[in-house]
Every structure is written in structure tokens, then in C-alpha cells.
Amino acid sequence: MAENNQKINIVLAGQGNAGKSAVFNYLTGLHQHIGNWAGKTIEKREGTLFYKDHTVDVLDLPGIYSLTTYSEEEQISREYIINQQPDFVINIIDSTNLERNLIFTLQLLELGSPLILALNMVDLAKKKGVEVNVGKFQEKLGVPVISTVASRGLGMTRLMDKVIELNGVGKNNHMVPEYGKEIEGCIAELSGLLRNSEYRYPVRWIAIKLLEKDQEITKLIEKSQPEIIDRSVQLTEYLEDIHGHDSSIVIADERIHLVAHIIRETVKFTPRAILSFNEKLDSLTTHKFTGYLLMTVILGGMFLSVFVLGNWISDWLDGVFSSWHSWWESAVGTTFASLLGWSAIESVLALIQIALPYILPFYIILYILEDWGYISRISFLMDNLMHKMGIHGKGCISFVIGFGCNVPGCLSCRIMESKRERFITAVLVTLVPCSAVSVIIFGLVGKYVGLLWAFGLYVFAMVVIFIAGRLSTKVVGGEPVELIMPMPDYKTPHMRTILVQTWDALKEFIYIAAPIVIVSGVVIQAINLAGWMPAISSVLSPITVNWLGLPAITGILLIFGILRKELILVMLAAFLGTANFGEVLTAQQMLTLSVVSMFYIPCVATISVLWNEYGWKRAMAVCVLEILFAIILGGIVSRLLNFVF
Ligand SMILES: Nc1nc2c(ncn2[C@@H]2O[C@H](COP(=O)(O)OP(=O)(O)OP(=O)(O)O)[C@@H](O)[C@H]2O)c(=O)[nH]1
Ligand SMILES: [Mg+2]
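Encoded structure:
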């Protein structure tokens with residue numbers, strides 16, 4: 018066991034997308050989600066590393082992606098830093114974006130945190146012609162600076178060596194950001210008034226926050242020393258009179274100047290006459306004509322490759338598994354127990370044969386697009402359309418993530434600025450066809466009705482989401498918050514990151530889906546063998562058979578589908594003993610079943626996220642509305658299809 022004095026706590030903090038989770042993953046061997054857009058890390062996550070006789074607890078914080086003083090994420094970081102008093106705060110900085118990143122560094126310096134800077138992404142900075150003089154930089158800020166390339170683990174050993182070298186040495190003599198004369202005068206006066214009080218925060222920092230009109234700090238001081246607030250109000254008015262702006266803007270401006278000054282003294286820019294490949298790509302992919310064209314090609318290509326690859330793997334597996342049933346029967350016989358046993362096996366085989374082949378390529382391609390930086394471009398291109406739905410363009414990021422799985426899709430809505438937009442976006446995300454629904458669309462409609470019909474279903478889902486967005490904005494009211502969205506540079510996708518993340522997604526799929534599938538398969542078979550199936554099916558048949566025109570068995574499948582939507586198809590195959598759905602469903606039924614599966618209810622995992630984030634009343638309201646909507650829509654679609662087939 019490590020001794021107490023060998024335990025070190027470090028916190029990784031920094032702007033969104035700076036590479037905190039990449040550092041965290043490298044140090045701890047854990048797998049926090051990584052991607053090239055700001056706002057991936059939702060909850061703080063802890064991990065431990067053993068290094069040179071030290072136990073180092075590492076904490077990955079959500080990124081800061083707004084420069085306003087009131088951003089929730091900045092509060093999470095500062096609360097954590099002040100309350101937990103970590104031994105070191107490692108400020109991860111994106112070197113390609115120093116202006117933006119250093120503003121947060123100044124705030125950390127003001128907070129008096131024991132700071133070490135990791136100048137990350139120096140590989141990309143170099144390509145952009147940005148070269149930081151690390152020695153000068155270190156001197157200027159008065160804190161140790163290590164250059165790193167977190168995605169490849171470069172500089173991580175030096176970072177940890179620095180932590181260990183400085184452990185117990187005491188605070189370093191860091192720079193105190195200095196503002197203009199008037200502001201310093203105000204800070205000095207407030208600091209004087211605060212001098213004898215006992216707050217957890219440094220006095221100078223509180224003074225600055227009061228001048229910035231930070232709501233939380235103002236409330237805190239108002240409770241015990243309201244006279245200080247009276248004075249700070251006078252001082253902010255005085256600053257606003259001189260500068261003609263809100264005092265928080267005056268201070269933000271000064272920070273920007275300070276950062277510009279630091280950069281001027283420590284960074285060498287070598288302008289390049291020729292645009293890099295990524296820069297050219299950036300203008301092409303965000304152009305008002307080529308941008309949309311490329312988006313259609315990229316997303317179309319994505320779905321096409323998932324379909325082609327998925328079909329190919331699925332057919333190949335079909336051949337592999339085809340003789341297993343007869344083996345089983347000849348080996349174990351056809352007793353009640355053996356039939357149930359086969360149901361369990363059959364369910365898993367169906368899962369592997371029907372779901373996995375589509376989910377695997379889907380995630381690989383999604384993670385490539387994510388790590389490359391394309392997802393932010395999609396939301397940039399879709400910004401106008403998203404505004405028409407009453408939400409900010411970055412909501413589109415949640416939609417794209419939702420294509421993988423609605424759970425992280427709904428969680429990522431936290432990047433939305435207002436509660437109103439958060440909720441609307443989350444509800445709309447539940448309508449996005451996730452990879453489980455895609456299994457149904459590809460494996461059923463794509464394979465047996467035609468690829469164009471499958472594409473049509475995606476377009477149909479988009480139209481439904483758009484209309485639902487417009488309606489919910491009308492119901493909830495309000496306007497989207499105007500906010501500039503950070504657009505990360507393109508990065509060469511990192512293959513290891515992509516494979517590790519795909520494996521994580523698959524692992525979760527296997528660990529969670531497999532047990533559910535086995536239990537559901539056995540239960541359905543037991544119900545069937547007991548002869549109860551007709552009774553249960555007939556309860557639901559007014560909806561399934563009469564209204565939707567589906568076989569009666571789909572009723573029970575739709576109920577089990579709430580657990581996981583791919584179950585609808587997997588259980589159907591297991592129950593029928595064939596994955597050749599063409600024999601048992603008509604094209605019209607396949608399309609109707611897909612439409613209903615797409616919208617009829619979020620799966621339990623998504624419901625629990627909605628419940629957690631927005632309360633049970635809203636979660637239940639969403640479920641009930643979606644069930645009604647899907648049933649009504651399914652019946653209409655089924656009738657309309659009468660004219661086609
Ligand atoms: N080229 C290069 N890419 C990097 C480096 N560090 C991280 N990345 C990539 O940068 C992107 C962002 O990395 P993350 O670790 O997810 O960033 P984060 O700070 O945790 O982001 P949030 O959780 O959203 O705040 C990912 O695509 C990484 O693969 C680096 O040093 N060089
Ligand atoms: Mg992160």
C-alpha cells in the first residue's frame with residue numbers, strides 16, 4: 018500500500034475540446050469519451066494511476082465552453098477546485114487556440130490554484146505555424162509548462178514527473194493577472210473591505226468576481242456583508258461610466274488584452290502562404306453550396322456503407338449459424354427444457370447476426386466523423402434549419418450523437434444554453450433513429466423492401482423531427498439563445514481512439530443487450546409453449562392487427578422492444594426461427610413496423626435519462642405522447658401504403 022504522503026490529487030481543467038479526456042485516458046487507462054467537438058465530457062470522472070511510488074487520483078472535469086462568467090461549467094470547475102483543494106490543477110490548453118484557452122488560465126491563476134500547464138496539441142499548432150517559446154511562457158506565467166500531444170501520449174511522463182517533483186514543495190510563485198489602473202483601484206478597495214472576512218475563495222478573486230457581477234459570489238457576500246455589495250455596485254457603476262460598457266465586459270476585455278500581450282511575447286507565428294489541406298477542407302465543407310453537397314455525399318456514403326457492410330456480414334453469419342439448430346436438436350432432443358435452451362441460444366445468435374453487423378460499422382464511421390471534427394460542420398450547416406425549429410445549431414450535435422444511441426444524445430443536450438432548449442432538443446433526440454432502430458430499418462426495410470425505402474424512412478424521421486421541433490417551440494415558447502459555436506479544426510482521426518471507443522460501445526451493447534435478449538427470448542418462448550401467446554396477442558390485436566395491419570405477435574415484441582428496440586427484430590427472428598423476414602412479413606408491414614418502432618417510445622435507458630434530467634412527469638408525458646403519436650402515424654402510413662403496394 019502506498020503511504021499517505023504519497024497520495025496526490027490532480028484535476029484536469031480547461032476549455033472544451035482541449036484534450037482533457039485524452040490526457041485522462043492516457044494517464045488512467047480508462048475510457049472517457051473523446052471526440053472533436055466541445056462538450057463531450059458531461060460528468061466529472063475519477064481514475065487512479067500509480068507512478069513512481071505515488072498514488073495519483075486524477076479527475077477529468079467537463080470542459081468550459083463559454084466565456085461568460087455565469088457558465089455552469091466554469092462554476093463546476095471552480096467549486097470543485099475550491100472545495101476539494103486538489104494538490105494540482107493541470108490546465109490543459111489547446112495550443113492552436115491560445116487566445117481562447119488562456120483566458121480560462123488567467124481565471125485559474127486568479128483563483129490561486131496550484132497550477133501546471135499542459136500545452137497540448139503542439140503537433141497541430143506546429144502545422145499551423147504556431148510555435149510557443151515554452152521557457153518564456155513559463156517565466157511569464159510563473160507556473161511550470163509542459164508541451165504535450167495527448168492523443169499520442171507524448172509529454173505525459175514529463176507531466177507526471179513534474180507533479181511528483183513539485184508535490185509538497187508548496188505553491189509556486191505564479192503571475193497575478195494585473196488589470197488597468199481604475200480596475201486595480203476598485204479591486205484594491207474591495208479587497209481591503211474583504212480582508213478580515215473568512216471565505217473559502219481568495220480575497221482578490223472575490224473582489225474581481227464582484228466587479229464582474231458574478232451572481233453566485235454576489236449572493237454569498239450579500240448574506241454576511243451586504244455593505245460590501247453596496248460599495249461594489251457603486252464601483253461597477255463607476256467603471257461602467259468610464260468605459261461605457263457593462264463592467265463584466267470591461268474586465269473580459271482586459272483579460273483579452275492581457276492574453277494578447279502574453280501571446281505577443283511568447284509565441285512565434287510563421288504565416289504560411291499556402292492553405293493546408295485541412296483549411297481547404299474547412300472552407301469546402303462549410304461552403305453554402307459544396308458544404309451541403311459534401312454533407313449529402315458523406316452522410317449518404319455513411320448509410321450506404323453501413324448497409325452494404327452490414328448485409329454482407331449478416332449474410333455470412335447466416336451461413337455460419339444455419340446448421341446449429343439441427344445440431345442442437347440431435348444433441349439435446351426436443352424436450353421443454355431443450356426448446357427453452359435453444360430459444361436462449363437462438364436469441365443471442367439473432368442478436369449477433371441481425372444487430373451487430375450494422376451496429377459495428379455504424380459506430381466506427383460515426384466515431385471517425387466525430388474525431389475528425391465533421392460533426393461540428395454538420396451543425397454549422399444545419400444552423401439555419403435548427404433555428405427554424407427554435408433551437409441553436411449546436412443541438413444538431415446531439416442529433417448526430419443520437420443516431421448512435423439516444424442516451425448520450427440526450428445527455429449531450431447539456432451543451433445547450435437554456436433549459437428550454439435543452440428539453441426541446443432532448444425530446445427531439447428521442448425521435449432520432451438510433452443504431453438499434455437502424456438495425457430494423459436496414460435489416461428489414463433495406464434488405465427486403467429496398468434501399469431507397471430505407472433512406473426514405475430516415476428522411477421521413479427528419480421531417481417528423483422538424484415538425485415536432487416547430488410545434489414544441491410554439492408550445493414551450495421563447496427564442497433560441499444566440500451564441501457563437503466553437504468550430505474545432507479538422508484533425509486526422511486517431512485510429513486507436515476510434516477502435517477503443519467502438520469497442521466500448523460494443524461492449525456495452527453486448528453486456529447489456531445479450532442478457533436482456535436471452536431472458537426475453539426464453540420468456541417469450543415459455544409464454545408460447547404454455548399456450549398463452551394467442552391470449553396476450555389478442556389483447557393488443559385491435560391496435561396491432563386491426564389498426565396497424567401487423568401480425569399479432571408484434572404486440573408482444575413491441576412491449577419487449579421498450580427494453581431495447583433491436584429486440585423487436587431479434588425476437589421476431591428468434592421466435593420464428595428464421596431471419597428471412599421476407600417469408601413472414603409483407604413490404605407494407607415491414608415499413609409500418611419500422612415507422613412504429615422508430616417513434617413509439619424511447620427505450621428504457623433513454624427514459625431513465627429523461628427522468629433524471631427533467632423529472633418523471635416530463636419523462637412520462639414524452640412516453641405517452643410518443644406512443645399515441647406512433648400508433649396513429651403507423652395506422653395512417655399502413656393505409657397510405659395500400660396505394661403503393
Ligand atoms: N492532434 C492532436 N489531437 C489531439 C491531442 N489531444 C487531443 N486530441 C484530439 O482532440 C479532440 C478533443 O479531445 P478530448 O480529450 O475529447 O477533449 P476534452 O478537453 O476532454 O473535451 P470536452 O470533454 O468536450 O471538454 C479529440 O479528437 C482528440 O483525439 C493532441 O495533442 N494532438
Ligand atoms: Mg472530455
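Throughout, the numbering used here is defined as the position within the sequence shown, counted from one, plus 17.
The beta carbon of each residue, even a glycine, is placed where N, CA and C say it ideally should be.
CB of residue i within 8 Å of CB of residue j, strictly
i      : j      : result
Val534 : Ser364 : yes
Glu206 : Leu252 : yes
Lys179 : Thr283 : no
Leu136 : Ile107 : no
Ile109 : Leu29  : yes
Gly426 : Val444 : no
Cys451 : Cys422 : yes
Ile382 : Met319 : yes
Leu326 : Gln370 : no
Ser664 : Gly578 : With the chain covering only 18 through 662, there is no way to say anything about residue 664.
Ile432 : Gly52  : no
Ile246 : Ala224 : no
Asp104 : Asn26  : yes
Leu593 : Val601 : yes
Gly146 : Thr287 : yes
Glu643 : Ile618 : yes
Phe662 : Gln605 : yes
Leu608 : Leu658 : yes
Leu78  : Lys37  : yes
Asp111 : Gln32  : yes
Val417 : Val626 : no
Arg221 : Glu96  : no
Glu257 : Gly197 : no
Gly494 : Ile441 : no
Check: residue i C-beta below 7 Å from any heavy atom of ligand 2
i     : result
Thr58 : yes
Leu49 : Contrary to the premise, residue 49 reads as Gln rather than Leu in this sequence. Checking the Cβ of Gln49 against ligand 2 gives yes.
Lys37 : yes
Ligand 1 heavy atom lying under 7 Å from the CB of residue i
i      : result
Pro79  : yes
Gly52  : yes
Ser393 : no
Lys24  : no
Thr122 : no
Asn34  : yes
Gly170 : no
Asp299 : no
Ala167 : yes
Asn114 : no
Thr12  : For residue 12 there is no data in the structure shown, the boundaries of the chain being 18 and 662.
Lys285 : no
Tyr423 : A quick correction: the sequence has Asn, not Tyr, at residue 423. No, since every heavy atom of ligand 1 falls outside the 7 Å radius drawn around the Cβ of Asn423.
Leu55  : Residue identity check: residue 55 is Ala in the sequence provided, not Leu. Within the cutoff, so yes.
Asn108 : no
Leu141 : yes
Lys508 : yes
Asp388 : yes
Gly31  : yes
Sufficient close CB pairs (3 or more, under 8 Å) joining the stretch 375 to 389 to the stretch 339 to 357: Short answer: they don't touch.
Beta strand (DSSP E) segments (min. 3 residues) lying fully within the stretch 261 to 306: Counting whole runs of 3 or more residues, the stretch 261 to 306 contains the beta strand (DSSP E) stretches 284 to 286.
Inter-stretch contact at 8 Å, needing at least 3 Cβ pairs: the stretch 464 to 476 / the stretch 507 to 519: Touching, no, given that fewer than three Cβ pairs across the two stretches are closer than 8 Å.
Validate contact between the stretch 602 to 613 and the stretch 396 to 406 using beta carbons, cut 8 Å, 3 pairs: No, because fewer than three Cβ pairs between the stretch 602 to 613 and the stretch 396 to 406 fall closer than 8 Å, the two stretches do not touch.
Sufficient close CB pairs (3 or more, under 8 Å) joining the stretch 301 to 308 to the stretch 234 to 247: By the criterion of at least three beta-carbon pairs nearer than 8 Å, the stretch 301 to 308 is not in contact with the stretch 234 to 247.
Contact the stretch 628 to 641 vs the stretch 453 to 467: 3+ CB pairs below 8 Å: The stretch 628 to 641 vs the stretch 453 to 467: no contact.
Cβ pair count under 8 Å reaching 3, the stretch 249 to 263 against the stretch 140 to 157: Short answer: they don't touch.
Any alpha helix (DSSP H) of 4 or more consecutive residues that is wholly inside the stretch 385 to 439: The stretch 385 to 439 contains these whole alpha helix (DSSP H) runs: 391 to 398, 400 to 405, 412 to 421, 423 to 428.
The stretch 647 to 656 / the stretch 557 to 573 touching (three or more Cβ pairs under 8 Å): Using a C-beta cut-off of 8 Å, the stretch 647 to 656 makes contact with the stretch 557 to 573, since at least three inter-stretch Cβ pairs fall below that distance.
The stretch 38 to 48 touching the stretch 169 to 178, judged by at least three CB pairs closer than 8 Å: Contact between the stretch 38 to 48 and the stretch 169 to 178 is present, because at least three Cβ pairs lie under 8 Å.
Within the stretch 305 to 378, ranges of the alpha helix (DSSP H) (whole runs, at least 4 residues): Those alpha helix (DSSP H) runs which fall completely within the stretch 305 to 378 and span 4+ residues are 307 to 338, 341 to 349, 353 to 367.
Contiguous alpha helix (DSSP H) assignments of at least 4 residues, all confined to the stretch 37 to 98: Listed in chain order, the complete alpha helix (DSSP H) runs (minimum 4 residues) inside the stretch 37 to 98 are 37 to 45.
Any alpha helix (DSSP H) of 4 or more consecutive residues that is wholly inside the stretch 449 to 500: If one requires a minimum length of 4 residues, the alpha helix (DSSP H) runs lying completely within the stretch 449 to 500 are 452 to 457, 468 to 493, in chain order.
Stretch-stretch touch, CB-based, cutoff 8 Å, three pairs: the stretch 371 to 381 with the stretch 274 to 282: No, they do not touch.
Complete alpha helix (DSSP H) runs within the stretch 588 to 625 (minimum length 4 residues, chain order): You should have 604 to 616.
Segment contact flag, the stretch 130 to 145 with the stretch 58 to 65, C-beta cutoff 8 Å, min 3 pairs: Three or more beta-carbon pairs separated by less than 8 Å are not found between the stretch 130 to 145 and the stretch 58 to 65, which leaves the two stretches without contact.
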